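Everything below concerns the one structure shown next.
Chains as they are written, first to last, in my numbering: chain A, 609 to 720; chain B, 4 to 117.
Shown next, in the form of structure tokens:
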């Protein structure tokens with residue numbers, strides 16, 4: 609069965625700390641992977657996506673993610689977080705056709 | 004600005020009383036989706052429309068129906084809401100050119116069932 613696991617439900621960091629949010633997936637086919645972000649009071653929006661090619665994908669606001677096929681992982685990273693990165697982050701897998709499977713989300717709180 | 008709009012943002016209904024949530028889009032996307040998101044859980048796809056073609060997920064309860072009268076609008080009907088249907092309902096759209104298309108989400112409607 610297809611699934612997406614996000615290991616950390618809550619993360620608290622101080623400004624300038626480095627961030628890595630874990631995401632593992634289970635799917636036997638070709639993967640299309642996404643990270644979406646939801647800032648407080650706003651709607652879900654795309655942060656970055658991977659379909660093929662370079663496994664290191666860069667997104668908006670200095671975020672990047674690395675697809676490691678052997679580990680079934682697509683971890684999100686940012687070298688130095690800001691207070692404005694406080695949000696909920698969702699990893700998602702496009703499981704063929706139009707179905708997207710989301711992880712349960714990780715709530716990041718950045719202390720100023 | 005092109006966007007996905009959901010109305011109302013908050014909806015309170017009574018147990019068993021039918022309720023309709025609405026979604027509209029100005030993006031002219033041909034795919035529209037409805038997700039259910041319960042507290043601290045992942046958004047779960049209920050169904051989607053590709054143009055006028057309706058695609059129901061296998062585990063979506065029969066209590067949930069949808070209508071898409073035109074490209075811009077899509078409705079979620081809950082025929083007899085139960086307490087377990089209290090959740091955030093998210094509408095999203097995408098173009099259908101390839102699997103790579105990003106989904107654009109509305110702000111969601113939070114449903115409370117009394």
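Note that beta-carbon positions come from the ideal geometry of N, C-alpha and C, so glycine has one too. Since the model is a prediction, treat every value here as computed from it, not as a measurement.
State the start and end residues of the unbroken beta strand (DSSP E) segment that holds residue i.
{"i": "residue 639/A", "result": "Careful: residue 639/A lies outside any beta strand (DSSP E) and carries neither H nor E."}
{"i": "residue 666/A", "result": "664-666"}
{"i": "residue 70/B", "result": "67-70"}
{"i": "residue 689/A", "result": "Counting along the chain, residue 689/A falls outside any beta strand (DSSP E), and DSSP gives it neither H nor E."}
{"i": "residue 647/A", "result": "Premise fails: residue 647/A is in no beta strand (DSSP E) and is neither H nor E."}
{"i": "residue 75/B", "result": "Element bounds for residue 75/B: n/a, residue is neither H nor E."}
{"i": "residue 719/A", "result": "714-719"}
{"i": "residue 672/A", "result": "672-676"}
{"i": "residue 614/A", "result": "Here residue 614/A belongs to no beta strand (DSSP E), and DSSP marks it neither H nor E."}
{"i": "residue 114/B", "result": "112-116"}
Under 8 Å by Cβ, that's how I've got residue i and residue j pegged, so tell me the actual separation to the nearest angstrom.
{"i": "residue 701/A", "j": "residue 633/A", "result": "5 Å"}
{"i": "residue 694/A", "j": "residue 671/A", "result": "Their Cβ separation, rounded to whole angstroms, is 14 Å, which puts residue 694/A and residue 671/A out of contact at 8 Å."}
{"i": "residue 714/A", "j": "residue 48/B", "result": "Rounded, the Cβ-Cβ distance is 20 Å, inconsistent with contact."}
{"i": "residue 59/B", "j": "residue 83/B", "result": "Not confirmed; about 17 Å, so no contact."}
{"i": "residue 39/B", "j": "residue 107/B", "result": "With 8 Å as the limit, residue 39/B and residue 107/B do not qualify as a contact, their Cβ atoms being about 18 Å apart."}
{"i": "residue 17/B", "j": "residue 115/B", "result": "Rounded, the Cβ-Cβ distance is 10 Å, inconsistent with contact."}
{"i": "residue 712/A", "j": "residue 646/A", "result": "Not confirmed; about 13 Å, so no contact."}
Please report how far the alpha carbon of residue i lies from the alpha carbon of residue j, in whole angstroms.
{"i": "residue 74/B", "j": "residue 32/B", "result": "7 Å"}
{"i": "residue 61/B", "j": "residue 37/B", "result": "14 Å"}
{"i": "residue 23/B", "j": "residue 81/B", "result": "6 Å"}
{"i": "residue 719/A", "j": "residue 627/A", "result": "13 Å"}
{"i": "residue 52/B", "j": "residue 625/A", "result": "42 Å"}
{"i": "residue 110/B", "j": "residue 96/B", "result": "12 Å"}
{"i": "residue 26/B", "j": "residue 8/B", "result": "6 Å"}
{"i": "residue 619/A", "j": "residue 112/B", "result": "26 Å"}
{"i": "residue 85/B", "j": "residue 20/B", "result": "9 Å"}
{"i": "residue 28/B", "j": "residue 685/A", "result": "32 Å"}
{"i": "residue 675/A", "j": "residue 651/A", "result": "25 Å"}
{"i": "residue 612/A", "j": "residue 704/A", "result": "14 Å"}
{"i": "residue 698/A", "j": "residue 658/A", "result": "14 Å"}
{"i": "residue 41/B", "j": "residue 636/A", "result": "27 Å"}
{"i": "residue 682/A", "j": "residue 638/A", "result": "14 Å"}
{"i": "residue 76/B", "j": "residue 6/B", "result": "12 Å"}
{"i": "residue 79/B", "j": "residue 94/B", "result": "9 Å"}
key: Runs of beta strand (DSSP E) lying entirely within the stretch 15-49 of chain B, each at least 3 residues, in chain order   = 22-28 and 34-40
ask   = Any contact of the stretch 667-683 of chain A with the stretch 7-23 of chain B, i.e. 3+ C-beta pairs under 8 Å?
value = no
Length-filtered (3 minimum) beta strand (DSSP E) runs lying within the stretch 80-106 of chain B = 90-97
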